[in-house]
């Protein structure tokens, strides 16, 4: 089986190791991974800012890049959501191709569980207490809710209850920079309701940048680690 | 409603967080409670089917609005009610003023009406020397405090118990540690006198049933029933979008709205008002006036996407679940309607320029879409207004230039990687302070650290 | 050009190219579980859950006897126009109990048009007197078991179709209808629930099982 990885603009720069771990995970699962060099940005930040024309251009670029892929796998719920839920409407002069791409696009944990049928990766997370943050796009656009949690649990982790786990972290792309005080207050709401855990994780790098950025400013000791990296840790020794 | 100031949202929200951190706690607790109740209430029924039905009835009503408005008017007139039409807030104030003068009104009891806030009714009446008393407990609290409502269902929900105890102690002489029952009893005593003495009652309207000419009102306290039954004149202010086609339909909407708003199967008192008292009625108003209000609703109706926001039943579920709203409460939004619904109707009703930057006061998390009882596509409409803001030139030139440059680079992978590589080796807090867009980030957060090697670099070098 | 024609014109222009949405049909209160009890049982459950009280009697005479006893415990009470006859069922005309002004009493008696099981609501009409339904802090309401409707739709349609005393012959809703579903309540003071703010803080439904 072949799958194509879309690292995403944010992943490439800030979560490169997690993207590499995603490649390792897929190979471990028996998948041949390809990484087309012409990939750049899915266009979501532009789309959310109301810049439709720019978003369409980046979507077109992405569509051309991944056109021939059997599966497109992303270590990001929001970018996967962009392709799956918004491309068919956005690329309205090429709806069929856009829809075909959407149908083959998956967030990483969704792909592992639903397409590859994997439940157990290993026991490398035994004894670890993990708080799972639901990225809004993964949860509400893709319906990815249980897959990451069951994968983590099956690696031996204790996934703790977290009152605010489904609440938005306050990233929202440019929102975090335009309304920084409110955005920080949203991150605080998440961080203040955490119990003692080893890691906070999520499918999305943007969310983790937001939470870790605020957490570090507040000098909190909790560690933030991308789901792909934790799951690769989970494969274990 | 005094001044309208959505444009101040960024400063106002930052100020609120700094100066009144307790509001964040109070509102978070209140909305958490409301969300729990609503979730439980939705789970008792096939909420998806209810919401689909609610969406379709409202869309049907709105896409046939002229016919239903005419039918409603005909029925109301047949019921003995008087019907007025107001294009603007000023028109509504004038119509109300004429009724006040015609009937020698000196005192008014008000049932809670967000439309009356929107239209600035209280201020106008007070200028005429009319005594205006809010009777909904939350609105009464706001009135004696001299504050503005912060939420469309619970106007005083930004105030804690301690806030209320201090206020009632000061204004009504209750003990500083008075339990809620004591405070409520004090308010009841004051307001009772007002109900019995008032010349006129003013209400809003949750729904206007075209088939029977009915103004339908939901509440829990009984102050709406009292305000619309005791005084000799009743005036109902009703937005034209409140139309519901049949009497049967309202039986669904009262239940849907109650579950969405407070988690109740139905509001404790539900009034269906057809017109003034008839022969055989012992009591009731001698005259009932219904003022049908536009005030920007037709402008919203004309928008091919945003018209769907007119389905709103004013349940407040969207602001209860909104993670942005709960950080500050409703005041920073600077308008009668805060939160997600405020952000999508303000551009239509006030005009986009005046409503900016409310469509941007959202992370697009979509929680509101999940809970809306009439399935308003709130996040889609936020993006829709953002697109309009870009088209009409209401967004920052720097941001435009930045995104254009970014897009150009994104279309040229080689350049994209090169720029990425260059930025990686600059300290981001330095860039942050230089680039206006990123400066916001570093104000409240540590700058993110780039990975030592980009992923594409690692891929090129081979991943083990 | 009047405001009316101006507004209607703007509506028509706005809708000129809009696709009309069809009415989806009647609201059916879709639920995962149908209530297994009778309408009376469901009404009682809902009303009590909301903080109301429910008592039931086989005949009006029994109900009225109880009701007179209930009201006698208060210093003063009011009686709605239509409730007069019910309250005095089985009493000689010269010994009829009458109430006084609702604004000064401790309790009041009313007669409901009917009730609704699915929402636990009493359907109150104006002929009985609105002040009597709203001003007394304790409110006692007679309702016939035969007029307890399963759904709110049924109850409202029944009301619309029935000709009430004092109405014109063509039926239709009276001047105002109130659905009362329990004691008056508010959580506006620090989110703490209090009862009896404005409307009656205690409501007792007296179900009369048969005529």
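Protein chains in written order, with the working numbering: chain A, 16 to 252; chain B, 480 to 943; chain C, 3 to 213. Glycine is no exception: its CB is placed at the ideal position from the N, C-alpha and C atoms.
Report the rounded CA-to-CA distance for residue 504 of chain B versus residue 645 of chain B, giving the unit in angstroms. 18 Å
Which residues of chain C have a Cβ atom closer than 9 Å to the Cβ of residue 640 of chain B, listed in chain order? 191, 192, 193, 194
Nearest chain C C-beta to residue 539 of chain B closer than 8 Å, yes or no? yes
Of all the CB atoms in chain C, is at least one closer than 8 Å to the CB of residue 921 of chain B? no
Out of A/242, A/207, A/190, point me to the one whose CA is closest to residue 59 of chain A's CA. A/190
Round the Cβ separation of residue 136 of chain A and residue 249 of chain A to the nearest angstrom and send it over; I've been treating them as touching at under 8 Å. 5 Å
With contact counted as at least three CB pairs below 8 Å, one residue from each stretch, are the stretch 118-131 of chain A and the stretch 80-96 of chain A in contact? yes
Assign residue 115 of chain C to one of three DSSP states: helix, strand, or coil. coil
Can you give me the C-alpha to C-alpha distance between residue 183 of chain C and residue 627 of chain B, rounded to a whole angstrom? 30 Å
Taking a cut of 9 Å between CB atoms, which residues from the stretch 720-734 of chain B lie near chain C? 724, 725, 726, 727, 728, 729, 730, 731, 732, 733, 734
Proximity below 8 Å, CB of residue 844 of chain B to CB of residue 57 of chain A: no
Quick check on DSSP: helix, strand or coil for residue 926 of chain B? coil
Checking contacts by CB at 8 Å: is residue 102 of chain C closer than that to chain B? no
Got a sec? Which residues, its chain only, sit under 8 Å from residue 44 of chain A by beta carbon, not counting five neighbours each side? 127, 131, 133
Under 8 Å, Cβ to Cβ, is there at least one residue of chain B near residue 162 of chain A? no
How far does the alpha helix (DSSP H) with residue 54 of chain C in it reach, from first residue to last? No alpha helix (DSSP H) holds residue 54 of chain C; DSSP gives it neither H nor E.
Is the beta carbon of residue 799 of chain B sitting closer than 8 Å to the one on residue 510 of chain B? yes
Among all the DSSP beta bridges, which residues are the ones paired with residue 728 of chain B? Looking at the DSSP assignment, residue 728 of chain B forms no beta bridge with any residue, so it has no partner.
Do residue 565 of chain B and residue 771 of chain B have their C-beta atoms closer together than 8 Å? yes
Where does residue 498 of chain B sit, in a helix, a strand or coil, going by DSSP? helix
On the CB-based measure, 16 or more other CB atoms within 10 Å of its CB, does residue 35 of chain C come out buried or exposed? exposed
Identify the contact partners of residue 855 of chain B in chain C, using a Cβ-Cβ distance below 7 Å as the criterion. Residues of chain C passing the Cβ test: none, with the nearest at roughly 14 Å.
Which residues in chain B sit within 8 Å of residue 61 of chain C, going by Cβ to Cβ distance? Correct list: empty, because the minimum Cβ distance to chain B is about 28 Å.
Flag residue 275 of chain C as yes if its beta-carbon sits less than 8 Å from any beta-carbon of chain B, otherwise no. Residue 275 of chain C is absent from the structure shown; chain C starts at 3 and stops at 213.
Close-in-space but distant-in-sequence residues of the same chain around residue 152 of chain C (CB under 7 Å, 5 per side omitted): 41, 119, 120
Would you list, in sequence order, the uninterrupted beta strand (DSSP E) runs of no fewer than 3 residues that lie entirely inside the stretch 182-233 of chain A? 214-216
Would the beta-carbon of residue 50 of chain A fall within 8 Å of that of residue 20 of chain A? yes
In this structure, how does DSSP classify residue 146 of chain C when only helix, strand and coil are distinguished? strand
What does the alpha-carbon distance come out to for the pair residue 216 of chain C and residue 714 of chain B? No information on residue 216 of chain C is available, as it lies outside the stretch 3 to 213 that chain C covers here.
Under DSSP, the alpha helix (DSSP H) around residue 531 of chain B begins and ends at which residues? 526-542
Do you know offhand how far residue 62 of chain C's Cα is from residue 763 of chain B's? 29 Å
I'd like to check one pair, residue 145 of chain A with residue 239 of chain A: are the Cβ atoms closer than 8 Å? no
Reference residue 71 of chain C; option with closest CA among C/84, C/56, C/89, C/96: C/89
Would you tell me roughly how many angstroms separate the C-alpha atoms of residue 766 of chain B and residue 689 of chain B, rounded to the nearest one? 20 Å
Spatial distance of residue 5 of chain C from residue 920 of chain B (CA atoms): 50 Å
At least three beta-carbon pairs within less than 8 Å, the stretch 153-164 of chain C to the stretch 182-201 of chain C: no
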